[in-house]
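Here the structure comes first, spelled out in structure tokens, and everything after it is commentary.
Chains as they are written, first to last, in our numbering: chain A, 120 to 299; chain B, 13 to 194.
Here you go:
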């Protein structure tokens with residue numbers, strides 16, 4: 120068993136939980152608006168969905184910075200090579216998707232000819248020229264990437280719960296919000 | 013009888029004889045609306061234009077545009093379908109929109125002011141816009157922006173009259189390409 124006092128750096132922990140909550144909210148909002156008929160409410164919700172996505176992109180940059188500048192706590196010594204590889208790949212996948220999901224949404228918005236204006240304040244540059252067919256393709260990509268992220272998040276949660284309740288190796292304490 | 017018909021035809025064509033030929037392929041009637049501060053561009057693919065303009069006597073200028081409302085273009089197919097509906101352009105009942113000028117004058121620096129009556133969805137309003145004129149190859153380009161209130165023409169009724177989502181102000185951008193010497 121590892122030193123139970125060791126956890127991720129405070130900014131990393133804070134960003135992890137904040138982003139977790141925002142990712143769930145943004146995912147749910149995206150899923151809801153996808154099937155709505157056009158209405159002012161739909162436009163408002165889409166706007167919020169995009170603003171949340173852009174926010175998550177910004178938070179991801181901070182999180183990568185925090186991860187790069189601080190040391191991650193070691194994995195429990197009881198974990199085998201296979202489990203360590205799985206954890207590493209899983210985390211890499213989560214990071215890749217946290218980047219790819221909002222980027223694909225931004226690309227899709229540009230392709231559809233609707234620029235992203237963050238919080239109604241300033242316009243983000245269009246990543247591609249307007250092209251509805253490309254927009255449709257990017258919409259499909261955005262959907263697939265999102266479901267892949269959802270699957271990885273489910274795996275992440277299940278793995279954490281297994282560590283907590285089956286292995287009882289105190290792994291989850293690495294992400295605890297308070298110092299002990 | 014034949015003579016009379018010819019004479020009548022000549023008479024009908026008379027005003028057109030003074031109008032310059034418009035290169036429709038190089039002309040454009042577009043617009044920009046703001047949706048939660050997001051600029052969204054659209055245009056009308058089909059319209060006809062009769063324009064008379066002489067920089068030497070701009071006050072004698074005339075412009076008459078007829079727009080086919082069902083030729084509306086917006087970024088997505090969903091938006092195009094929506095725009096033709098009753099709450100928006102109601103293209104089934106109002107297939108055309110029209111602008112007829114009532115006056116033109118020079119306002120200096122190569123700029124001119126155009127006034128006229130714009131009819132959309134059966135509602136006519138006095139509108140006015142500045143425009144510029146410049147030569148581009150064999151064409152003379154007349155370009156300007158006309159700000160209009162969409163609600164004054166009942167464009168976007170019911171729940172869509174909420175200007176918090178889609179701004180009341182819409183900018184109509186026009187470019188008319190006149191063939192020189194025609």
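By construction, the Cβ of each residue, glycine as well, lies at the ideal position given by its N, Cα and C atoms.
#1: Taking the straight line between their C-alpha atoms, what separation do you get for residue 272 of chain A and residue 245 of chain A?
#2: For the segment 71 to 92 of chain B, enumerate the residues whose C-beta is nearer than 9 Å to any C-beta of chain A, in chain order.
#3: Which runs of the beta strand (DSSP E) at least 3 residues long sit entirely within the segment 51 to 128 of chain B? Give them in chain order.
#4: Leaving out five residues before and five after residue 206 of chain A in sequence, what residues of the same chain have Cβ atoms less than 8 Å from its Cβ?
#5: Using a Cβ-Cβ cutoff of 7 Å, what residues of the segment 236 to 252 of chain A are near chain B? List them in chain order.
#6: According to DSSP, is residue 186 of chain B helix, strand or coil?
#7: If we ignore side chains and look at the alpha-carbon of each, how far apart do residue 74 of chain B and residue 118 of chain B end up?
#8: Would you mind sorting residue 121 of chain B into buried or exposed? The rule is 16 or more other CB atoms within 10 Å of its CB.
#9: Assuming residue 130 of chain B contacts residue 101 of chain B (C-beta within less than 8 Å), just tell me the rounded distance between them.
#10: Should residue 186 of chain B be labelled buried (16 or more other beta-carbon atoms within 10 Å of its own) or exposed?
#11: Rounded to a whole number of angstroms, what is the C-alpha to C-alpha distance between residue 76 of chain B and residue 252 of chain A?
#12: When DSSP labels each residue in this structure, what does residue 142 of chain A get in the three-state scheme?
#13: Would you mind working out which of A/183, A/186, A/201 and A/209 sits nearest residue 274 of chain A, comparing C-alpha positions?
#14: When Cβ atoms are compared, which residues of the segment 39 to 68 of chain B fall closer than 8 Å to chain A?
#15: Report yes if the C-beta distance between residue 141 of chain B and residue 126 of chain B is below 8 Å; otherwise report no.
#16: Classify residue 60 of chain B: buried if its beta carbon has 16 or more other beta carbons within 10 angstroms, exposed otherwise.
#17: Count the other CB atoms, across all protein chains shown, that sit within 10 Å of the CB of residue 169 of chain A; report buried if there are 16 or more and exposed otherwise.
#18: Using CA atoms only, rank isn't needed, just tell me which of B/115, B/133, B/136 and B/167 is closest to residue 143 of chain B.
Looking at the atomic coordinates:
#1: Position 153 of the first chain, counting from 1, holds the residue named residue 272 of chain A. Position 126 of the first chain, counting from 1, holds the residue named residue 245 of chain A. Straight-line Cα distance between these residues: approximately 29 Å.
#2: The residues in question are 86, 87, 88, 89, 90 and 91.
#3: Segments of the beta strand (DSSP E) lying fully in the segment 51 to 128 of chain B: 59 to 64, 74 to 80 and 108 to 120.
#4: For the purposes of this step, residue 206 of chain A is taken as residue 87 along the first chain, with counting starting at 1. The residues 194, 198 and 278, in chain order, have a CB closer than 8 Å to that of residue 206 of chain A in the same chain once the five nearest residues on each side in sequence are set aside.
#5: 236, 239, 249 and 251
#6: Taking the second chain and counting its residues from 1, one reaches residue 186 of chain B at position 174. Of the three classes helix, strand and coil, the one that applies to residue 186 of chain B here is strand, per DSSP.
#7: As a position in the second chain, residue 74 of chain B is number 62, starting the count at 1. As a position in the second chain, residue 118 of chain B is number 106, starting the count at 1. Taking the straight line joining both Cα atoms gives about 13 Å.
#8: Within the second chain, numbered from 1, the residue matching residue 121 of chain B stands at position 109. Exposed.
#9: Position 118 of the second chain, counted from the start, is the residue given in the question as residue 130 of chain B. Position 89 of the second chain, counted from the start, is the residue given in the question as residue 101 of chain B. Contact doesn't hold; Cβ gap of about 13 Å is too wide.
#10: Locating residue 186 of chain B in the second chain gives position 174, where the first residue counts as 1. Residue 186 of chain B comes out buried.
#11: Your numbering for residue 76 of chain B matches position 64 in the second chain. Your numbering for residue 252 of chain A matches position 133 in the first chain. Cα to Cα, the separation comes out at about 36 Å.
#12: Translated into the one-based positions of the first chain, residue 142 of chain A becomes position 23. Helix, per DSSP.
#13: On the first chain, residue 274 of chain A is found 155 positions in, with the first residue counted as 1. For the options A/183, A/186, A/201 and A/209, the alpha carbon positioned closest to that of residue 274 of chain A is the one of A/209.
#14: 47, 48, 49, 50, 51, 52 and 53
#15: In the second chain, the residue the question calls residue 141 of chain B occupies position 129. In the second chain, the residue the question calls residue 126 of chain B occupies position 114. Contact: yes.
#16: Start at 1 with the first residue of the second chain, and residue 60 of chain B comes out as number 48. By the neighbour-count rule (16 or more Cβ atoms within 10 Å), residue 60 of chain B is not buried but exposed.
#17: As a working note, residue 169 of chain A is residue 50 in the first chain. Classification of residue 169 of chain A: buried, given that the 10 Å Cβ count is 16 or more.
#18: On the second chain, position 131 is the one that residue 143 of chain B refers to. When each option's Cα is compared against that of residue 143 of chain B, the closest is B/115.
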